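As given, the protein sequences belong to chains R and D, one line each in that order.
Quick note: the first sequence uses this note's numbering, first residue 1, plus one each step.
Quick note: the second sequence uses this note's numbering, first residue 96, plus one each step.
A short write-up of the structure that comes next.
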Amino acid sequence: MLIPAQIADDARPRLARGVRLQIDGTTGKSVLLFPEGILELNETAQEILTRCDGRPLSDIACALAEEYDVDLATLAADVREVLADLQRRKLVELA
Amino acid sequence: MTAPRPYALLAELTYRCPLHCPYCSNPARARNDAELTTAEWHRVLREATELGVLQVGFSGGEPLVRRDLAELVHGAREAKLYTNLITSGVGLDESRANELREAGLDSVQLSFQSDDVDLADEIAGVRAHQPKLAAASFIRAAGIPLSLNFVIHRRNIDRLPQMIGLAEALGAERVELANVQFYGWAFLNRAALLPTREQVARAREVATAAKARLAGKIDIFYVLPDYYETRPKPCLNGWGQRYLTVNPIGDVLPCPTASSAIPDLHFENVRARSLDWIWRQSESFNRFRGTEWMPEPCRSCPQKEIDFGGCRCQAALLTGSAANTDPVCSLSPNRVRVDAVLRDLNPSIVGAFDWMPRVNPNKEAAATLDREVTR
Numbered sequence: 001m002l003i004p005a006q007i008a009d010d011a012r013p014r015l016a017r018g019v020r021l022q023i024d025g026t027t028g029k030s031v032l033l034f035p036e037g038i039l040e041l042n043e044t045a046q047e048i049l050t051r052c053d054g055r056p057l058s059d060i061a062c063a064l065a066e067e068y069d070v071d072l073a074t075l076a077a078d079v080r081e082v083l084a085d086l087q088r089r090k091l092v093e094l095a
Numbered sequence: 096m097t098a099p100r101p102y103a104l105l106a107e108l109t110y111r112c113p114l115h116c117p118y119c120s121n122p123a124r125a126r127n128d129a130e131l132t133t134a135e136w137h138r139v140l141r142e143a144t145e146l147g148v149l150q151v152g153f154s155g156g157e158p159l160v161r162r163d164l165a166e167l168v169h170g171a172r173e174a175k176l177y178t179n180l181i182t183s184g185v186g187l188d189e190s191r192a193n194e195l196r197e198a199g200l201d202s203v204q205l206s207f208q209s210d211d212v213d214l215a216d217e218i219a220g221v222r223a224h225q226p227k228l229a230a231a232s233f234i235r236a237a238g239i240p241l242s243l244n245f246v247i248h249r250r251n252i253d254r255l256p257q258m259i260g261l262a263e264a265l266g267a268e269r270v271e272l273a274n275v276q277f278y279g280w281a282f283l284n285r286a287a288l289l290p291t292r293e294q295v296a297r298a299r300e301v302a303t304a305a306k307a308r309l310a311g312k313i314d315i316f317y318v319l320p321d322y323y324e325t326r327p328k329p330c331l332n333g334w335g336q337r338y339l340t341v342n343p344i345g346d347v348l349p350c351p352t353a354s355s356a357i358p359d360l361h362f363e364n365v366r367a368r369s370l371d372w373i374w375r376q377s378e379s380f381n382r383f384r385g386t387e388w389m390p391e392p393c394r395s396c397p398q399k400e401i402d403f404g405g406c407r408c409q410a411a412l413l414t415g416s417a418a419n420t421d422p423v424c425s426l427s428p429n430r431v432r433v434d435a436v437l438r439d440l441n442p443s444i445v446g447a448f449d450w451m452p453r454v455n456p457n458k459e460a461a462a463t464l465d466r467e468v469t470r
């Protein structure tokens, strides 16, 4: 399967099956847990993933742009990049 | 050095297993003490979480042999652990799969010996292939993510494309193609299991191509045959750094193979000590922690924080001392020992008659085994 060059605005990202988002009790940071793997999330990734609840990518970008008072185009590009990376690693699925 | 926090616990629930694979990860001679009880495992799981562990792998032997498996999975989930079941699939019917899902099981790693039923059953020493196929469908139906694990060796390495095909057909999300590593039973059966250089070269090409072809669909994890490498594997990401194993009788090991490979190391038991004390204070976890223990050529090597001197068990098995550089490293003065094994490889040794099937603890010819171990 080829990964599309760019994730569409109306794509609805969500955690892939078998992937859990959790707070690491030792560090207080968010981690993704999956078969044979643990990924410590940076703040950007954490903010994006906690919003991957079935809403489209454009809504996630809007919400974050508003909350952090950043330019929407820049933010949408960041969101796409993070999600594309996680999708390649099979940690995120697009519906 | 001070102890870091561990990330993953391997919980070996039992040494019992209906299969008899010649590369079994059980120790070749297991102590015959009573297995940890349900309550003892619950305590171990809680202590592991307190120590920082985020993931637990329930393994064996065959963990399905334990009737309290779902209870243990539930306990692990209560402790906020991510739960993996590492199983042969034999004994997994529809109701058991659903029971495990209800308990909160996060993922299953299902082992296969081959894609071909006859070869698979020959390797397992029992008719296990059909039940495994059924188990895969029960896992899928229960909606639990599925990984397929293959141990790769001389007999099945040429079927890598077909084995990857099986993973596709069964809808696996992940495939582990692990070249056999020579410890325990596999060390005893090395002459029949070690692939040839040509086989290894082809397998690497197949795995690389499949990885590219299936990107985004199936995650392929290829474990290198380290005898054919020139630098050692970064075993465990360093001794006592990220992983710990609790074996069926409660011994706590920095590495699952250490109990048989390093006979002069004394392991602490969860029946006598807390997991926290064992992880931080015990001699067994501290002996090879960090880089202070390293001899040359590791001590002055720029790679020492990358491969951590390789594998302590392999050093012990091949050089007689666990404190030596892993002899797989071409800088090791003991590399000649690995080269000698590769040079003496006899590719005509290929069949079940040429290896010793694993025996269950307590059973069958312990005397035969003693002869094999000491020969």
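Don't be surprised by glycine CBs; every beta carbon is placed ideally from N, CA and C.
Predicted, not measured: the structure shown is a model, and the values here were computed from it.
Item	Value
With 8 Å as the C-beta to C-beta threshold (strictly closer), list the residues of the stretch 20-34 of chain R near chain D in chain order.	R20, Q22, D24, G25, T26, V31, L33, F34
Hey, would you say D:L214 sits closer than 8 Å to D:I239, going by beta carbons?	no
When you compare the CB of D:S232 with every CB in chain R, is at least one pair closer than 8 Å?	no
By the 10 Å Cβ neighbour count, where 16 or more other Cβ atoms means buried, how is D:I401 classified, buried or exposed?	exposed
Is the beta carbon of D:I357 closer than 8 Å to that of D:R407?	yes
Leaving out five residues before and five after D:M258 in sequence, what residues of the same chain have Cβ atoms less than 6 Å from its Cβ?	D210, F245
With 8 Å set as the bound, which would you pick, yes or no: does the beta-carbon of R:R12 sit closer than that to a beta-carbon of chain D?	no
Looking only at C-alpha atoms, which of D:N441, D:M451, D:Y110 sits nearest to D:V160?	D:Y110
Could you list which residues in chain D have their beta carbon closer than 7 Å to that of R:I38, in chain order?	Y102, L149, Q150
Of all Cβ atoms in chain R, is any one closer than 8 Å to the Cβ of D:L105?	no
Looking at chain D, is there any beta carbon in it that lies within less than 8 Å of the beta carbon of R:R80?	no
Taking CB distances under 8 Å as the criterion, tell me whether R:R51 reaches chain D.	no
Residues of chain R with CB closer than 7 Å to the CB of D:D201, please, in chain order.	G18, R20
Is there a C-beta anywhere in chain D that falls below 8 Å from the one on R:I3?	Reliability of the predicted coordinates at R:I3 is poor, the pLDDT of 49 falling under 50, and the value obtained from them is presented with this limitation in mind. Taking Cβ atoms only, chain D reaches closer than 8 Å to R:I3, which makes this a yes.
Within 10 angstroms of the Cβ of R:I3, are there 16 or more other Cβ atoms? Answer buried if so, exposed if not.	With a pLDDT of 49 at R:I3, under the threshold of 50, the modelled position of that residue is not reliable, and the figure given next carries that caveat. Counting Cβ neighbours within 10 Å, R:I3 comes out exposed, since fewer than 16 surround it.
Tell me the DSSP secondary structure of D:F207 in three-state form.	strand
In terms of residues, what are the limits of the beta strand (DSSP E) holding R:R14?	13-15
Using the three-state DSSP reduction, which class does D:D465 fall into: helix, strand or coil?	Because D:D465 carries a pLDDT of 44, less than 50, the predicted location of this residue cannot be relied on, and no value is offered for it.
At the level of alpha carbons, what is the spacing between D:S183 and R:A84?	34 Å
So, for D:Q409: in the same chain, excluding its five sequence neighbours on each side, which residues have a beta-carbon less than 6 Å away from its beta-carbon?	D421
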